[in-house]
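Enquirer:
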Amino acid sequence: MTTEAQTGSAPVGTLYELLQNVTDATSFLIFAHALQQDHAQRGEHWSAQNIADYLAAALDWADSTHLGKTQGLNDAPPWKRFAMFLYYGRSYP
Numbered sequence: 001m002t003t004e005a006q007t008g009s010a011p012v013g014t015l016y017e018l019l020q021n022v023t024d025a026t027s028f029l030i031f032a033h034a035l036q037q038d039h040a041q042r043g044e045h046w047s048a049q050n051i052a053d054y055l056a057a058a059l060d061w062a063d064s065t066h067l068g069k070t071q072g073l074n075d076a077p078p079w080k081r082f083a084m085f086l087y088y089g090r091s092y093p
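Residue 1 is where the sequence shown starts when you use UniProt numbering, and the numbers rise one by one after that.
1. K69: buried (16+ other C-beta within 10 angstroms of its C-beta) or exposed?
2. Roughly how far, in whole angstroms, is the beta-carbon of T23 from the beta-carbon of P77, given that I think they are within contact range, below 8 Å?
3. Determine the DSSP secondary structure at Q71, reduced to helix, strand or coil.
4. Among E17, Y92, F28, L18, which has the Cα closest to the Cα of F82?
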């Protein structure tokens with residue numbers, strides 16, 4: 001897999017689909033680029049409008065789910081769990 005920066009094109013799939021496909025560093029970077037693009041295009045729809053709110057939401061998710069363990073992510077790669085952390089920073093709960 002290549003990142004948007006490498007190909008010059010947008011990642012394929014919805015943000016949630018890209019999140020579900022995170023398994024390693026490469027797929028994490030593809031997701032992170034898509035998250036950045038989502039903020040650039042739809043940031044006004046994110047609950048978190050500043051870094052403090054973003055981190056608070058991400059930490060709320062991490063604390064309440066034990067970094068995804070209560071959501072069945074016990075055996076998920078660390079890259080996926082970190083991607084989930086970033087994803088839920090957008091708006092949690």
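Just so you know, even glycine gets a beta-carbon here, dropped at the ideal spot from N, CA and C. The structure displayed is predicted, hence computed values, not measured ones.
Expert: From the atom records:
1. Here residue 69 corresponds to residue number 69 of the sequence shown, with the count starting at 1. Exposed: under 16 other Cβ atoms inside 10 Å.
2. One-based indexing of the sequence shown puts residue 23 at position 23. One-based indexing of the sequence shown puts residue 77 at position 77. Their Cβ separation, rounded to whole angstroms, is 5 Å, which keeps T23 and P77 in contact under 8 Å.
3. Locating residue 71 in the sequence shown gives position 71, counting from the first residue. Helix.
4. Position 82 of the sequence shown, counted from the first residue, corresponds to residue 82. For F82, the nearest C-alpha among the options comes from F28.
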